[in-house]
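Those letters in the sequence shown? Residues 35 to 186, by the working numbering. We put the CB at the ideal spot given by N, CA and C, even for glycine. To start, the structure under review is shown below, and the notes come after it.
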Amino acid sequence: MFHLIAVGRMKDRVERDLFERYATRLSPRIKLTELAEGRGAPNEIKRREGAAILSALPDRAIVVAMDEGGQTYDSISFSQAVERWVETPRPLCFVIGGAEGLDGPVIQRADHTLSFGRMTWPHMLVRGMLAEQLYRARAISAGHPYHRAGRP
Numbered sequence: 035m036f037h038l039i040a041v042g043r044m045k046d047r048v049e050r051d052l053f054e055r056y057a058t059r060l061s062p063r064i065k066l067t068e069l070a071e072g073r074g075a076p077n078e079i080k081r082r083e084g085a086a087i088l089s090a091l092p093d094r095a096i097v098v099a100m101d102e103g104g105q106t107y108d109s110i111s112f113s114q115a116v117e118r119w120v121e122t123p124r125p126l127c128f129v130i131g132g133a134e135g136l137d138g139p140v141i142q143r144a145d146h147t148l149s150f151g152r153m154t155w156p157h158m159l160v161r162g163m164l165a166e167q168l169y170r171a172r173a174i175s176a177g178h179p180y181h182r183a184g185r186p
């Protein structure tokens with residue numbers, strides 16, 4: 035099972051629909067844990083949210099932190115990375131911080147960091163993008179025609 039721990043609750047139906055469109059197709063399934071957004075000064079918000087993320091991680095999880103400074107992949111190499119992670123006996127857990135980003139201890143705990151590019155994306159939108167990319171990665175691994183590579 036994939037795990038996604040994310041700060042904030044999806045209130046917007048469009049964002050939730052985008053996430054669910056791919057999450058429901060994904061195998062193994064993805065378990066979403068939404069954490070409350072922190073309050074206070076930006077550093078305090080990051081600290082509180084980071085502590086909540088760390089306490090919500092499954093035991094022994096492989097942690098992939100969504101971070102703007104993380105590694106970028108093309109679809110094929112991301113699929114290969116996901117397959118390596120899934121093949122381990124450890125749970126695979128992705129984490130998405132809130133508007134202030136991830137606290138340092140969360141990045142330090144992460145086994146891998148992942149970026150969807152150098153642009154800043156709304157953290158609620160990243161959930162749907164991640165679910166779609168995981169679905170695409172699994173489709174590539176299964177030889178399913180969802181991914182169309184080699185366009186001119």
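The beta-carbon distance between Ile130 and Met100, rounded to whole angstroms, is 5 Å. This is short enough to meet the 8 Å contact definition. Assignment of Asp93 by DSSP, reduced to helix, strand and coil, places it in the coil class.
Here Val48 is exposed. Its C-beta has fewer than 16 other C-beta atoms within 10 Å. As summarised for the region 110–181, the continuous beta strand (DSSP E) elements at least 3 residues long and confined to that stretch are 126–130, 146–148, given in chain order. The residue among His146, Thr67, Cys127 with its C-alpha nearest the C-alpha of Asp93 is Cys127. Rounded to whole angstroms, the separation of the alpha carbons of Ser175 and Ala144 is 24 Å.
Cβ atoms of His157 and Val98 stay farther apart than 8 Å, at about 15 Å. Between Leu69 and Ile39, the gap from beta carbon to beta carbon is short of 8 Å. Gly151 and Ile110 have their C-alpha atoms spaced approximately 16 Å apart. Annotation: Val116 to Arg172 spans about 8 Å, alpha carbon to alpha carbon. The distance from the Cβ of Glu71 to that of Val41 is about 6 Å, consistent with a contact at the 8 Å cut-off. Note on geometry: alpha-carbon atoms of Gly74 and Ile141 lie some 21 Å from one another.
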